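Going by the working numbering, the residue at position 73 of the sequence shown is 57; the numbering climbs one at a time, nothing skipped.
Glycine included, each C-beta is placed from N, C-alpha and C at the ideal position.
Just so it is clear, the structure is predicted and the values come from calculations on it, not from any experiment.
To start, the structure under review is shown below, and the notes come after it.
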Amino acid sequence: MRRSCMICTLAVLSACSTAMAVVPDSGNPAHCIAGFHYAAYAFKVAKQPQRATPMVARAIFEMEKLRVSGASEADARAESMALTKNYANDHDRMMTLIEACGSAQDSDPKYRAELPRLFALARSTQASGQ
């Protein structure tokens, strides 16, 4: 009995770790947020803050999409952090994600219409150090 409980527990833990595996998905706003934050950070480190601002604006747009959908911000944050943890050292994979997310936004008329507001918000967010 004890052995079968141990096997069941291991099976459940194994299934959970597989379910928690994060693979970059440009259709997932949480993943796009992670990608845009990754790019913004890289630009800040490279002392190119003018290039970081569009990435912050893009991340804000994805966060707003997430909120409108009713998705859990806490879950999205956790998923975004897991993706960053798994792929921060895989520049090519992150760039592929960023490019796919950016292309999707560029083809979205709502994103284009919101650009001035998003840029203003991104600048104020960066100025306040958030």
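If residue i and residue j are in contact, beta carbons under 8 Å, what's the gap, nearest whole angstrom?
i           : j          : result
residue 110 : residue 40 : 6 Å
residue 8   : residue 81 : 4 Å
residue 99  : residue 44 : Their Cβ separation, rounded to whole angstroms, is 11 Å, which puts residue 99 and residue 44 out of contact at 8 Å.
Can you tell which of the options has its C-alpha closest to the C-alpha of residue i?
i          : options        : result
residue 53 : 13, 86, 71, 22 : 13
residue 37 : 112, 80, 106   : 106
residue 95 : 48, 83, 58, 34 : 48
Considering only residues of the same chain and omitting the five flanking positions on each side of residue i, which have a CB-CB separation below 8 Å?
i          : result
residue 85 : 10, 15, 16, 19, 20, 42, 46
residue 50 : 13, 14, 17, 57, 60
residue 29 : none
residue 72 : 22, 78
In chain order, what residues of the same chain lie with their CB nearer than 7 Å to the CB of residue i, ignoring the 5 residues before and after it?
i           : result
residue 6   : 63, 66, 67, 70
residue 113 : none
Note down, in chain order, each residue of its chain lying with its Cβ closer than 6 Å to the Cβ of residue i, except the 5 sequence neighbours on either side.
i          : result
residue 24 : 36, 39, 40
residue 27 : 35, 36
Secondary structure, beta strand (DSSP E): runs of 3+ residues fully inside the segment 23 to 50: none
Complete alpha helix (DSSP H) runs within the segment 42 to 109 (minimum length 4 residues, chain order): 57 to 71, 75 to 90
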